[in-house]
Each structure stands twice: as C-alpha cells, then as structure tokens.
Amino acid sequence: MRKKIIIGNWKMNPLTLKEAEKLFGAIAKNVSRLKKTEIIVCPPFLYLEELKKLSRKISLGAQDAFWGEVGAFTGEISGQMLYDAGVRYVILGHSERRALGENNGSINKKIKSSLAAGLRPILCVGENMRDENHEYFGLVKTQLEECLAGISRDSVSKIIVAYEPVWAISSTPGRKDATPEDSKEMAIFIRKILSDKFGGEASKMRIIYGGSVNDKDAEGFLKNGGVDGLLPGRASLDAKKFSEIVTIAEKI
65 MRKKIIIGNW
75 KMNPLTLKEA
85 EKLFGAIAKN
95 VSRLKKTEII
105 VCPPFLYLEE
115 LKKLSRKISL
125 GAQDAFWGEV
135 GAFTGEISGQ
145 MLYDAGVRYV
155 ILGHSERRAL
165 GENNGSINKK
175 IKSSLAAGLR
185 PILCVGENMR
195 DENHEYFGLV
205 KTQLEECLAG
215 ISRDSVSKII
225 VAYEPVWAIS
235 STPGRKDATP
245 EDSKEMAIFI
255 RKILSDKFGG
265 EASKMRIIYG
275 GSVNDKDAEG
285 FLKNGGVDGL
295 LPGRASLDAK
305 KFSEIVTIAE
315 KI
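First residue of the sequence shown: 65, per this note's numbering; consecutive thereafter.
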C-alpha cells in the first residue's frame, strides 16, 4: 500500500523568514514518526534554503519552476537551481498561475524540464465552474492531454496530479464547498484519461485533491474522495490544522 501524501502550499506566505521558520518548526515537531504518510511543504522561494536546515522529515517543494535551465530569463528560477537548493517537488499549473497567463503549453515545457532536473512535478488541473452539460470533463481532459504531451511512460510515475476545482478554492469569489463525491467522480475520470494515455504505468501515478481542504473535511476526502492525498493551502499556514490533516492521513 502506497503512502498518503499531504502537500502544504504556502503561496505567498508568511511575510518574514522568522515566521516561516516558526511555522515549519512547529509542523516538523507535530508530525514526527510517520509511517504511512509523506509530507511536502511548498514555501516561497526565498525560504527554501533556510527551511531545508530545520528538518529532514519534511520534503520541500517549490510553487513553480521555469522551463529553461539557464539564460536571459529575468525573474525566473530553473528546476536545476531548485534541485540544487534541496527541492524535490514542484507545483506546476496551479490555477493562480493560470490566472496570470500560464497555459497548457508552457506547463508542458515546465513538466519536461522539471523531470530532467530530477524534480517530481505536481500538476494541477481543474475546472473554473461546473455546468449542467458536464463540459467541465472536457476541459480537464484537455488540460491533462496537453500538459502531459510527449511525456514518456517511464516518467509518469514521478508525476502527481492534483485535482483543484477552482470554484472551491478559498481565493475564488463566491466559492462553493466541494464534496468527496465531487472529488471521487473527477478522480475516476482523471485515472481513466491517464490509463488511456500511459497504460499500466498510469496506476503508479498519485492523484490528490486540492480544493480548499481543511482539518474538518480532510477525513472525508481521504476516505471517500478517491484520492491518494491532499493539497491544502490556507490550512497549511496553521501548524495545528495542518498537523491534524497529517494525523488523519496517517490513521487511514
């Protein structure tokens, strides 16, 4: 049985390194001696080097990576640079990045370059809203097919797919709560698309849920949502709540 995976996306938080160290340290203290759960924390770039020194129990992830290795790309950070800084995972295609203009083509290039650098991509997919004609399935299918175009079957086991319904995340105006049934329905669909594309190797890919999950609904998603883990955002900024999510995953 493979481990559950809990990934904390800190986004552009907290404001200072001191706060980041305090939060990271509290999480590390609360989640020791795990056997069935893997923890990844994705802080802002500036904090990665210092947080790496605080605990070996928690893997570090980045919130993005550029597709080029080196060169005249002002403001960008490459996968190789991140790997050398101790990062092993990278979130790609998050809805908040897509809202800034990122598209499936650039995400595809980032996945390929991240894999080449030794990173494990966490590919975010999900619809902005649900419609009565179920056209949102087609959107997610397109995201998967275009973002994973040209990826070899030998590499797919390194990729994690995060289902992130945009209408459910905390930063979306007028957001609605998603249910474990919503998650399971899409997880089954995603698994089918991956299986059609990659055959038996697709069974090695982990699918997680990332629609504003918290310590109150984590158990429902882990037990009944058809997923292998969770990608909390806001809840990961509270050491007690994040640790409770990890504890729940460990007990299941």
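Where a beta carbon is used, it is the ideal one built from N, C-alpha and C, also for glycine.
Remember, predicted model here, so these are calculated numbers, not experimental data.
Practice prompt. Give the single residue among Asp292, Tyr273, Gly289 and Trp74 whose Cα lies nearest to the Cα of Gly190.
Written response: Tyr273
Fill in: Other residues of its chain near Lys248: CB distance less than 7 angstroms, five sequence neighbours each side excluded
Asn288, Gly289 and Gly290
Worksheet entry | Given Asp260 as reference, the closest of Glu102, Glu114, Val220 and Arg120 once Cα atoms are compared | Val220
Fill in: Proximity winner among Thr138, Lys117 and Lys315, relative to Leu81 (alpha-carbon distances)
Lys117
Worksheet entry | Length of the line joining the Cα atoms of Leu164 and Asn278 | 26 angstroms
Item to complete: Determine, using beta carbons only, whether Ile271 and Cys211 come nearer to each other than 8 angstroms.
Response: no
Fill in: Reference Pro185; option with closest CA among Trp231, Tyr147 and Leu301
Tyr147
Discussion item. Which same chain residues end up closer than 7 angstroms to Ile309 when comparing Cβ atoms and leaving out the 5 residues on each side of it in sequence?
Written reply: Ile70, Asp279, Ala282, Leu294, Pro296 and Ala299
Worksheet item: In whole angstroms, what is the alpha-carbon distance linking Lys174 and Thr138?
Response: 16 angstroms
Worksheet item: Do Lys68 and Ile316 have their CB atoms nearer than 8 angstroms?
Response: yes
Worksheet item: Exposed or buried, what is His198 when buried is set at 16 or more other beta-carbons lying within 10 Å of its beta-carbon?
Response: exposed
Worksheet item: Quick one: Cα of Gly135 to Cα of Gln144, how far?
Response: 12 angstroms
Worksheet entry | Three-state secondary structure (DSSP) of Val189 | strand
Worksheet entry | heavy atom of the ligand GTP below 7 angstroms from Arg120 C-beta | Among the components of this structure there are no ligands whatsoever, and the ligand GTP is therefore not found.
Item to complete: Keeping to the same chain, check which residues put their C-beta closer than 6 angstroms to that of Tyr227; ignore five residues upstream and five downstream.
Response: Gly190, Met250 and Tyr273
Worksheet item: Along the chain, where does the beta strand (DSSP E) that runs through Lys174 open and close?
Response: No beta strand (DSSP E) holds Lys174; the alpha helix (DSSP H) holding it covers Asn168 to Ala180.
Discussion item. Considering just the uninterrupted stretch of the beta strand (DSSP E) at Ala226, what are its terminal residues?
Written reply: Ile224 to Tyr227
Worksheet item: Which residue or residues does DSSP assign as beta-bridge partners of Phe130?
Response: Ser142
Discussion item. Please report the straight-line C-alpha distance between Pro229 and Ile155, rounded to a whole angstrom.
Written reply: 15 angstroms
Practice prompt. Write down the C-beta distance between Leu301 and Asn77 rounded to the nearest angstrom, noting that I regard them as a contact closer than 8 angstroms.
Written response: 5 angstroms
Worksheet entry | Extent of the continuous alpha helix (DSSP H) to which Thr206 belongs | Tyr200 to Cys211
Worksheet item: Who are Asn73's beta bridge partners in DSSP?
Response: Cys106
Fill in: Own chain, CB closer than 7 angstroms to Thr101, minus 5 neighbours either side, in chain order
Lys67, Lys68, Ile70, Val310, Ala313 and Glu314
Worksheet item: If Leu187 and Gly150 are in contact, beta carbons under 8 angstroms, what's the gap, nearest whole angstrom?
Response: Not quite, the Cβ-Cβ distance comes to about 22 angstroms (not below 8 angstroms), so this is no contact.
Worksheet item: Mapping DSSP to helix, strand and coil, what is Ser321?
Response: A query on residue 321 cannot be resolved here, the shown segment of the chain reaching from 65 to 316 and no further.
Discussion item. Considering only DSSP beta bridges, list what Lys68 is partnered with.
Written reply: Thr101
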